[in-house]
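Scroll down for the structure; my scribbles are underneath it.
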Amino acid sequence: MNASDTVERDWTAFSESLPDGKSKLALAVEGIYCPACMTRIEKGLMDLDGVSNARVNLSSHRLAVTWDPEETNPDILLQRLNSLGYGAHPFDPGRVKSDEQRENQRLLRALAVAGFASMNVMLLSVSVWSGNVSDITDETRDFFHWLSAFITLPAAAYAGQPFFRSAWRVLRKGHVNMDVPISIGVILALFLSVLQTIQSEKHAYFESALMLLFFLLVGRWLDHMMRLKTRSFAENLTALKAETAMKLFADGALREVPLSKIESGDKVLVRPGERVSVDGTVLSGSSQIDQSLVTGETKLVDVAEGDAVYAGTLNGEHALTISVTAAAKGTLLDEVNRLIDDAMEARSGYRQLADRAAELYAPIVHTASALTFVAWWLYGIGWQPSLVIAISVLIITCPCALGLAIPAVQVVASGSLFRNQVLLNRSDALERISDIDMVVFDKTGTLTRPIAGIVNGEDYDPESLNLAIALAKASSHPLSAALAGMDRRISPMSGVTEEKGKGLSAEWKGETLRLGSPLFCGAEKEAETVRVAHPMASLLAFAREGQAPMVFALEQQLRTDAKEVIAQLKASGKSLLILSGDQPRAVEAIATELGIEHYEAGISPTDKIARIEAEKAKGHKVMMVGDGLNDAPALAAANVSLSPVTAAHVSQAASDALFLGEKLAPVLHALDIGKKARRIMEQNLWLATLYNIVAVPIAIAGYVTPLIAALAMSGSSLVVTLNALRARAKSDPWFTDNVAFDEALNDQAPGADRP
Amino acid sequence: MNALLFLIPVALILGGLGLVGFLWSLKSDQYEDIQGAAYRILDDDDLSPEEQAKINAKSEPTDKKG
Chain A
1 MNASDTVERD WTAFSESLPD GKSKLALAVE GIYCPACMTR IEKGLMDLDG
51 VSNARVNLSS HRLAVTWDPE ETNPDILLQR LNSLGYGAHP FDPGRVKSDE
101 QRENQRLLRA LAVAGFASMN VMLLSVSVWS GNVSDITDET RDFFHWLSAF
151 ITLPAAAYAG QPFFRSAWRV LRKGHVNMDV PISIGVILAL FLSVLQTIQS
201 EKHAYFESAL MLLFFLLVGR WLDHMMRLKT RSFAENLTAL KAETAMKLFA
251 DGALREVPLS KIESGDKVLV RPGERVSVDG TVLSGSSQID QSLVTGETKL
301 VDVAEGDAVY AGTLNGEHAL TISVTAAAKG TLLDEVNRLI DDAMEARSGY
351 RQLADRAAEL YAPIVHTASA LTFVAWWLYG IGWQPSLVIA ISVLIITCPC
401 ALGLAIPAVQ VVASGSLFRN QVLLNRSDAL ERISDIDMVV FDKTGTLTRP
451 IAGIVNGEDY DPESLNLAIA LAKASSHPLS AALAGMDRRI SPMSGVTEEK
501 GKGLSAEWKG ETLRLGSPLF CGAEKEAETV RVAHPMASLL AFAREGQAPM
551 VFALEQQLRT DAKEVIAQLK ASGKSLLILS GDQPRAVEAI ATELGIEHYE
601 AGISPTDKIA RIEAEKAKGH KVMMVGDGLN DAPALAAANV SLSPVTAAHV
651 SQAASDALFL GEKLAPVLHA LDIGKKARRI MEQNLWLATL YNIVAVPIAI
701 AGYVTPLIAA LAMSGSSLVV TLNALRARAK SDPWFTDNVA FDEALNDQAP
751 GADRP
Chain B
1001 MNALLFLIPV ALILGGLGLV GFLWSLKSDQ YEDIQGAAYR ILDDDDLSPE
1051 EQAKINAKSE PTDKKG
């Protein structure tokens, strides 16, 4: 039985109150496949009394509902959604509207302003240029220039902020990034243009400055869009995995609240079969806990009063009351976080490709432009025309194409990765993936499936097996859940009674069925035989009256395509290594089966980091694939890291990318697409360089008119963007976003994350 | 020259209107769900009963013939 039906959610912690007395709630909705779902959900909810607005976001699979708390409540809303056939989970309001989203809006606004201003100023500039060669009067030209200044100065002051701010930030720290030459170029060009206008000269460069800003903002926005999209899907996944806890309030009430509202010292209840979502000590109750996600250990561990439990572990068959310590010092989570911070610090020495390019370019560009200025001045054409030429050198060089070169590729590649079921967490991971020559795997949950599978299922007759599965479905014990996962079509048996700590029993057609420990089922003798055959397995017995009892051995099972993936990795010349916290025998068995020669078992998070650092010191570029809390620091320490979407929360945050689904193949795709993306990024940088080699001498020679500079700039940006489109994978399986997303959810092992 | 005196303000005002329009649509979250918006156009359910009746009245005769 799932106890969640009886416990109320603390809705005030999830919803926000609007000024007009209504309440608003954000929900992640499962099972939206098509536009028809959108109207069905909206109509279905709007028909309820008291619901004033319901709007589905089809792109992100989210629903926003506004209702009048006097007339209805969220439980009714969720019931209606369920009856319509959609599962929904409330968002933790602490993370609904992220900074990234606000930043995205800021960039779009800046982009709009830059676009508007550059169009109008370009119109005026073209008139001036054509007038210069025919019959424009000085008054008209001055008027046009003043008008341009009037439009440009406020527009540039607004639209240039993302660059000015970032340039100022790094300059203060004594570094240079791409934004520095951009900012200097734009500000100098504006300053000079105003000066030229005051002196009613023939040329001003307002349009160049604005166009530069516009193109760069496009690049910046693309870069942002990519991260935003990944982020929103990852957030949906966490919402669907119910990042909540059952909090025991001082008045004895028990309500479900989001994790962000839990503090150290609070009491929470963990029900049978539920994932523990906090670190803490057990106050009352005793149970068995599956710690595979935390330590890699596959056997169930007994916990009782006073024992420590960790977030990410799976509770067995008894309820536990836990006093939360997650915020206090000395917990496993603290230790892991500290290790992650250290490891991240060590990695931050790595610079993004574009920034490194800028660091090389910037001095060259600045020196070239400064030398140009001095040379022309000494030549005797006056300081102002010299400065004009120097600025055109500064503007015509790298920033524009360079600003687009990397983000454009990242956007295309991350889209391609997404269709191959990989969510990119950090955009610069693509650049790091390409030179990986060693892949380190965690065992439990990574090479093997997160939940144990049955290894001797075919030994028994199908009818009894189906009965056992039907019985197992009535329980949420990790072992039952694994048995239940063998066949999803079988429906749970009714009238099941559960004896705490022993097992389940039910009446079926006059027979008594029992499922549970070998002792409970009277199968001690059979259990001994199975234990000899499968020494590493946890045992689960099933007894029917008048028949020999069955004893199932539950062992870690490999992900379905693990063998092929490992073989392909080997074929492509990667060194492979398994680092696991599990017992040596279990690791050895898996390593032999996969043909991986190097493995280490029973090691701690600190050892994992040490091993990876050692490999890095030997010159290896290491990719770590892991899912447990104990892997998180190692994930942060490796050059690149990947974790399955079923991983512990901390590990997901520490890794560069997440992969969805039951297969290991996304690891290959990530390597593949990352390599390709890196190649295209480098091509783009070369294209930008080539363009500079051609354009800079012309600019230094003083032959660049503003029109040519503008055309060259747009041209180079276009070439770079088109080249980026090639970053799509050759064999892009046409998953629509929806399919990939929903598959990921369905693929989670049953019972793994019961809300 | 005289034409410019009003053409330039007109161009600026029209462009400015476009900009204001974009900023307004951005602020009112119209770019939150571009995929969904494409399908909402096809949805007739938001029509008032009278409008619905009008459409039905128009399409009914042809339906009967068919």
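First to last, the sequence lines map onto chains A and B. 1 is the number of the first residue of the first sequence in the working numbering; add one for each residue after it. 1001 is the number of the first residue of the second sequence in the working numbering; add one for each residue after it. Beta carbons are placed, not taken as given, at the ideal position from N, Cα and C, and that holds for glycine.
DSSP places R255(A) inside the beta strand (DSSP E), whose first and last residues are L254 to P258. Sequence-distant partners of A665(A) (beyond 5 residues in either direction) whose C-beta falls short of 7 angstroms from its own C-beta, in its chain, are D561 and V565. One alpha carbon belongs to V113(A), the other to R220(A), and they sit about 15 angstroms apart. Under the Cβ distance rule, M226(A) does not count among the residues neighbouring chain B, no pair being separated by less than 9 angstroms.
In this structure, the CA atom of V645(A) is about 13 angstroms from the CA atom of L447(A). Cβ-Cβ separation between N315(A) and G273(A): approximately 6 angstroms, consistent with a contact (criterion under 8 angstroms). At a cut-off of 9 angstroms between beta-carbon atoms, P162(A) makes no contact with chain B.
Contacts with chain B at 9 angstroms (Cβ-Cβ) include S59(A). At a beta-carbon threshold of 7 angstroms, the residues of chain A lying near E1032(B) are N57, ordered along the chain. Here Q384(A) is exposed. Its C-beta has fewer than 16 other C-beta atoms within 10 Å.
By the Cβ neighbour-count rule, G619(A) is exposed, with fewer than 16 other Cβ atoms within 10 Å of its own. With a threshold of 9 angstroms between beta carbons, I41(A) makes no contact with chain B.
At a cut-off of 9 angstroms, the C-beta of F1006(B) has no neighbouring C-beta in chain A.
Only buried fits L77(A), as 16 or more other CB atoms lie within 10 angstroms of its CB. Unbroken alpha helix (DSSP H) stretches of 4 residues or longer found wholly inside the stretch 610 to 676 of chain A: 632 to 637 and 649 to 654, given in chain order.
In the three-state reduction of the DSSP assignment, D607(A) falls in the helix class, which pools H, G and I. If you look at K247(A), you'll find it in the beta strand (DSSP E) that goes T244 to L248.
A straight-line Cα-Cα distance of about 12 angstroms links Y460(A) and A541(A). Residue-level contact by beta carbon holds for Q1035(B) and chain A, with a gap shorter than 9 angstroms. Between R80(A) and L123(A), the CB-CB gap reaches or exceeds 9 angstroms.
For S427(A), the closest of Q161(A), V640(A), D138(A) and S208(A) by C-alpha to C-alpha distance is V640(A).
Taking 9 angstroms as the cut-off between beta carbons, the residues of the stretch 1009 to 1024 of chain B near chain A are A1011, L1012, G1015, G1016, G1018, L1019, F1022 and L1023, in sequence order. For A112(A), at least one C-beta of chain B is nearer than 9 angstroms to its own C-beta. In the DSSP assignment, S83(A) falls outside any beta strand (DSSP E) and lies within the alpha helix (DSSP H) extending over P74 to L84.
Restricting attention to K509(A), S434(A) and I436(A), the CA atom closest to the CA of L467(A) is found in K509(A). Per the C-alpha coordinates, the member of A204(A), L190(A), M225(A) and T197(A) positioned closest to L213(A) is L190(A). Under DSSP, the beta-bridge partners assigned to W67(A) are S23(A) and V51(A). Residues of the stretch 109 to 134 of chain A with a Cβ closer than 9 angstroms to any Cβ of chain B, in chain order: R109, A112, V113, G115, F116, A117, M119, N120, L123, L124 and S127. In this structure, DSSP gives E498(A) an extended state, which the three-state scheme calls strand. If you draw a straight line from the Cα of E1050(B) to the Cα of A1057(B), it is about 10 angstroms long. Separation of the CB atoms of Q288(A) and L300(A) is rounded to 4 angstroms, and the pair is thereby assigned contact status at 8 angstroms.
Under the 10 Å beta carbon count, T137(A) is surrounded by fewer than 16 other beta carbons and is classified as exposed. If you check the CB distance, C34(A) and Y86(A) do not come in under 9 angstroms.
In terms of Cα proximity to S643(A), the closest of V622(A), H598(A), A149(A) and V667(A) is V667(A). Distance check between P181(A) and each of E600(A), L594(A) and I396(A) places I396(A) closest, using alpha-carbon atoms only. Residue state for I322(A) is assigned as strand, using DSSP reduced to three classes.
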